[in-house]
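**Student:** What the sequence shown shows, in my numbering, is residues 2 to 159, in sequence order.
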Amino acid sequence: MEHIDAYIRHFDFLLSRNRVLSWIEAKLRIPKTQIATVLLLITAASLAFHIGHLTVSNALTTFLPARAFLNSCLENNTRGILLYGFYFLVLRCVNVVQDALYEPIMAFLPLWFLCKVGWCWWAWLPGSMGIEVLYQFTQKYVPKILKMFKDEIQSLSE
Numbered sequence: 002m003e004h005i006d007a008y009i010r011h012f013d014f015l016l017s018r019n020r021v022l023s024w025i026e027a028k029l030r031i032p033k034t035q036i037a038t039v040l041l042l043i044t045a046a047s048l049a050f051h052i053g054h055l056t057v058s059n060a061l062t063t064f065l066p067a068r069a070f071l072n073s074c075l076e077n078n079t080r081g082i083l084l085y086g087f088y089f090l091v092l093r094c095v096n097v098v099q100d101a102l103y104e105p106i107m108a109f110l111p112l113w114f115l116c117k118v119g120w121c122w123w124a125w126l127p128g129s130m131g132i133e134v135l136y137q138f139t140q141k142y143v144p145k146i147l148k149m150f151k152d153e154i155q156s157l158s159e
């Protein structure tokens with residue numbers, strides 16, 4: 002239970018820093034946690050029932066991480082820049098597969114967009130930074146891949 006309480010405290014801390022939620026809370030006199038819960042439910046319903054799912058999915062998987070990437074750039078956080086850059090590379094690969102296999106994915110996994118957003122949040126949110134796990138996993142294969150492409154490029158130029 003302490004783990005869940007820590008997440009709740011962290012969630013409350015994040016909500017207290019959001020100026021838009023503070024303004025809405027002051028105008029409507031509704032607690033921020035309730036406002037955030039409703040927004041989360043609307044987002045989940047949009048992704049699950051495919052109502053505006055592409056827009057919501059792109060906003061949650063691209064714009065929010067891009068903001069975190071820019072903050073890393075402004076703070077000269079080279080590790081953050083590296084990891085967020087890798088996140089966007091992985092996201093692009095996922096989007097290419099999604100575009101190529103859209104119909105089969107939707108037939109096999111109707112909640113694809115909800116799963117994709119959940120995975121992306123796991124990957125880039127500071128509390129989990131799952132992209133670091135992926136980066137560490139793929140790091141041992143990068144020299145082999147680069148060598149393979151280097152050989153291919155050299156053979157093309159000859």
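Beta carbons: idealized from backbone N, C-alpha and C, even for Gly.
Would residue 24 be called buried (16 or more neighbouring beta carbons within 10 Å of its own) or exposed?
**Tutor:** Exposed is the call here.
**Student:** Tell me the residue span of the alpha helix (DSSP H) that contains residue 72.
**Tutor:** Looking at the DSSP string, the run of the alpha helix (DSSP H) that includes residue 72 is 65-75.
**Student:** Grab me the residues of residue 22's own chain with a C-beta within less than 8 Å of its C-beta, minus the 5 sequence neighbours each way, in chain order.
**Tutor:** 16, 33, 36, 37.
**Student:** Using a 10 Å radius around the Cβ and a threshold of 16 neighbouring Cβ atoms, would you call residue 66 buried or exposed?
**Tutor:** With 16 or more Cβ atoms within 10 Å of its Cβ, residue 66 is classed as buried.
**Student:** Tell me whether the stretch 67-78 and the stretch 103-123 touch, counting them as touching only if at least three CB pairs, one residue from each stretch, are closer than 8 Å.
**Tutor:** Not touching, per the Cβ criterion.
**Student:** CA-CA distance, residue 27 and residue 19?
**Tutor:** Near 12 Å, if we compare the C-alpha coordinates of residue 19 and residue 27.
**Student:** Does the Cβ of residue 84 have 16 or more other Cβ atoms within 10 Å, making it buried, or fewer, making it exposed?
**Tutor:** Buried.
**Student:** Go through the stretch 93-121 residue by residue and report every complete run of the alpha helix (DSSP H) that reaches 4 residues or more, in order.
**Tutor:** Entirely contained in the stretch 93-121, the alpha helix (DSSP H) runs reaching 4 residues are, in chain order, 103-109.
**Student:** Expressed to the nearest angstrom, what Euclidean distance is found between the alpha-carbon atoms of residue 59 and residue 147?
**Tutor:** Between residue 59 and residue 147, the C-alpha separation is close to 30 Å.
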